[in-house]
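Inspection log for the structure reproduced underneath, given as structure tokens.
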Amino acid sequence: KAGVTQTPRYLIKTRGQQVTLSCSPISGHRSVSWYQQTPGQGLQFLFEYFSETQRNKGNFPGRFSGRQFSNSRSEMNVSTLELGDSALYLCASSPWTTLDEKLFFGSGTQLSVL
Amino acid sequence: ILNVEQSPQSLHVQEGDSTNFTCSFPSSNFYALHWYRWETAKSPEALFVMTLNGDEKKKGRISATLNTKEGYSYLYIKGSQPEDSATYLCASSGGGKSTFGDGTTLTVKP
Chain F
1 KAGVTQTPRY
11 LIKTRGQQVT
21 LSCSPISGHR
31 SVSWYQQTPG
41 QGLQFLFEYF
51 SETQRNKGNF
61 PGRFSGRQFS
71 NSRSEMNVST
81 LELGDSALYL
91 CASSPWTTLD
101 EKLFFGSGTQ
111 LSVL
Chain R
115 ILNVEQSPQS
125 LHVQEGDSTN
135 FTCSFPSSNF
145 YALHWYRWET
155 AKSPEALFVM
165 TLNGDEKKKG
175 RISATLNTKE
185 GYSYLYIKGS
195 QPEDSATYLC
205 ASSGGGKSTF
215 GDGTTLTVKP
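Chain order of the listed sequences is F and R.
Residues 1 to 114, numbered by this note's numbering, are exactly what the first sequence covers, in order.
Residues 115 to 224, numbered by this note's numbering, are exactly what the second sequence covers, in order.
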């Protein structure tokens with residue numbers, strides 16, 4: 001089985017631009033969650049999607065949004081980029097829920113905002 | 115405890131040493147406790163998910179215990195090997211989301 005695939009691996013943007021990151025979960029997994037890691041910080045939960053619906057959301061501004069498609073693939077969008085958005089963005093999938101199932105992580109997208 | 119806290123922040127041991135880390139989490143609104151291993155340049159890999167007070171899980175030389183009443187979990191590594199070098203993350207699930215600690219970085223010297 002193919003693992004969780006995130007594209008692109010690296011991205012460089014400038015302040016004010018917007019960016020879209022993509023995540024393809026393991027086949028058959030219906031839950032996709034997104035996390036941000038900045039230097040010195042643990043993984044911060046962004047949001048979780050299940051069956052095309054956002055099920056939970058972390059404490060991030062409205063500039064961070066996402067969606068999930070009928071094939072469970074998910075995208076995350078960040079508008080009006082700020083320097084502080086530079087981070088590693090990880091997505092993870094699980095069959096049903098992120099709460100009591102093991103998460104399978106992708107390799108991440110390293111976003112640099114200049 | 116309001117957040118998930120891990121200690122120590124980093125640990126250096128010799129090959130063959132046994133070691134353990136602590137994860138403290140809010141005991142209210144608790145649903146599950148996760149442990150992940152994150153090696154450099156790789157993706158975090160799930161080790162264990164525990165839900166019940168007193169749960170113990172084992173995978174090879176690595177084991178974990180859970181105390182939901184007092185809000186802590188221990189991860190043990192017996193006979194550390196250089197390939198065990200990684201950052202070990204714990205996460206507490208509850209209230210619809212998972213909250214991760216900052217991790218314990220283990221370095222095992224040959």
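Here a beta-carbon is modelled for each residue, glycine too, at the ideal position from N, C-alpha and C.
Sorted by chain position, which residues of the same chain lie with C-beta nearer than 6 Å to residue i's C-beta, five sequence neighbours on each side aside?
i        : result
R/ASN134 : TYR188, TYR190
F/THR38  : ALA87
F/GLN18  : SER79
R/LYS223 : GLN128
R/THR213 : VAL118, SER206
F/LEU114 : THR14
By the three-class DSSP mapping on this structure, what secondary structure does residue i have?
i        : result
F/LEU83  : helix
R/GLU184 : coil
R/GLU170 : strand
R/GLU197 : helix
R/LEU125 : strand
R/ASN117 : coil
R/THR165 : coil
R/GLY217 : coil
R/LEU189 : strand
F/GLU75  : strand
F/LYS57  : strand
F/LEU99  : coil
F/ARG15  : coil
R/PHE144 : coil
One question on the structure: do residue i and residue j come within less than 7 Å of each other, judged by their Cβ atoms?
i        : j        : result
F/GLY108 : F/GLN6   : yes
F/PHE45  : F/GLY58  : yes
R/GLY209 : R/ASN143 : yes
F/GLU101 : F/THR20  : no
R/ARG175 : R/LYS192 : yes
Rounded to whole angstroms, how far is the Cβ of residue i from the Cβ of residue j, which I believe are closer than 8 Å?
i        : j        : result
R/GLN123 : R/THR218 : 7 Å
F/PHE69  : F/VAL78  : That belief does not hold up - the Cβ atoms of F/PHE69 and F/VAL78 are roughly 18 Å apart, past 8 Å.
F/LEU81  : F/GLY106 : Not confirmed; about 21 Å, so no contact.
F/SER94  : F/PHE104 : 7 Å
Within the same chain, show all residues whose beta-carbon is closer than 7 Å to that of residue i, passing over the 5 residues directly before and after it, in chain order.
i        : result
R/GLY185 : ILE115, SER138, PHE139, PRO140, SER141
R/CYS204 : VAL118, GLN120, CYS137, LEU147, HIS148, TRP149, SER187, GLY215
R/LYS171 : PHE162, MET164, SER177, ALA178
R/GLN195 : GLU129, VAL222
F/SER72  : PRO25, HIS29, ARG30, VAL32
Kindly list the residues whose CB is nearer than 8 Å to the CB of residue i, restricted to its own chain and excluding five residues on each side of it in sequence; keep chain order.
i        : result
R/LEU125 : THR133, PHE135, THR218, THR219, LEU220, THR221
R/ALA200 : ARG151, TRP152, GLU153, THR154, THR219, LEU220
Assess, as a yes-or-no matter, whether the stretch 24 to 43 of chain F is touched by the stretch 169 to 186 of chain R under the definition of 3 or more beta carbon pairs within less than 8 Å.
With the rule of 3 Cβ pairs closer than 8 Å, the stretch 169 to 186 of chain R does not count as touching the stretch 24 to 43 of chain F.
Would you call the stretch 121 to 133 of chain R and the stretch 73 to 86 of chain F in contact, with 3 or more CB pairs under 8 Å?
No contact exists between the stretch 121 to 133 of chain R and the stretch 73 to 86 of chain F.
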